[in-house]
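J.: Below: one structure in structure tokens.
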Amino acid sequence: MLGMQRPTARLLAEAYTHDHIIWLATPASVVADRLFPQARQLGFKGCVHPVACHQWVDCIEQNRVAEIHVMLEDFVARHHDLFSRPNMKILYGCTHYPLLDRLLVKYLKTPCERIDPAITTAEALKLLLAQHDILRSGAKPSVRLLNGVAFQPSAVFA
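Listed below in structure tokens is the structure:
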């Protein structure tokens, strides 16, 4: 099984060990606070500034462009002091947020690296598939798609 949390935690520990991270996340992810304790166990020593992004996902999914601009402008204004710190990075803590990347860059006054954990998660998935010989041409693997908190198999492909 592979989720986004462990590959992201590993990425933070290995590539951003001492950096300052603004973590853009859903309110539920901020409250759950699972990512950074795991990253710290793996060696992350940087500073974290969690930002609960209320309504961001809804605005993205419903293409409420005017509200998206207001949200991004407000985010940059409220956190402008953080962007002046050295090694400050933005971590997209939701798969929706990279969709806002080009807009966010327009509002940032100073260059700031943005981290999309989907890339490292895809690389971890490729490695997992290779380790189980699923990428081999002609392989007939069994794949289970899991769904929900209880992780009940929803489909099996043979």
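In case it helps, numbering that gives the first Met the number 0 puts the sequence shown at residues 0 to 157. Positions of the beta carbon are idealized from the N, C-alpha and C atoms, including for glycine.
1) Quick one: grab the DSSP three-state call for K88.
2) Helix or strand or just coil, what does DSSP make of L81?
3) Within 10 angstroms of its Cβ, does G147 collect 16 or more other Cβ (buried), or is it exposed?
4) Counting Cβ pairs closer than 8 Å, one from the region 3-14 and one from the region 111-126, do we hit at least three?
5) Is it right to say G42 is buried, meaning 16 or more other beta carbons lie within 10 angstroms of its own, or is it exposed?
6) When burial is assigned at 16 or more other CB atoms within 10 Å of the CB, is P49 buried or exposed?
7) Label A129 either buried or exposed according to how many other C-beta atoms from any shown protein chain fall within 10 Å of its C-beta, with 16 as the threshold for buried.
8) How big is the Cα-Cα spacing for S28 and Q61?
9) DSSP three-state call for H163: helix, strand or coil?
T.: This is what the structure gives:
1) In this structure, K88 counts as strand in the three-state DSSP scheme.
2) DSSP, read as helix, strand or coil, puts L81 in helix.
3) Because G147 carries a pLDDT of 48, less than 50, the predicted location of this residue cannot be relied on, and no value is offered for it.
4) Using a Cβ-Cβ distance cut-off of 8 Å, the region 3-14 and the region 111-126 are in contact, since at least three pairs of beta carbons, one from each stretch, lie closer than that value.
5) G42 should be labelled exposed.
6) Flag for P49 reads buried.
7) Exposed is the label assigned to A129, since fewer than 16 other Cβ atoms lie within 10 Å of its Cβ.
8) When rounded, the distance between both Cα atoms is 21 Å.
9) In the structure displayed, the chain extends from 0 to 157; residue 163 sits before or after that span and is not available.
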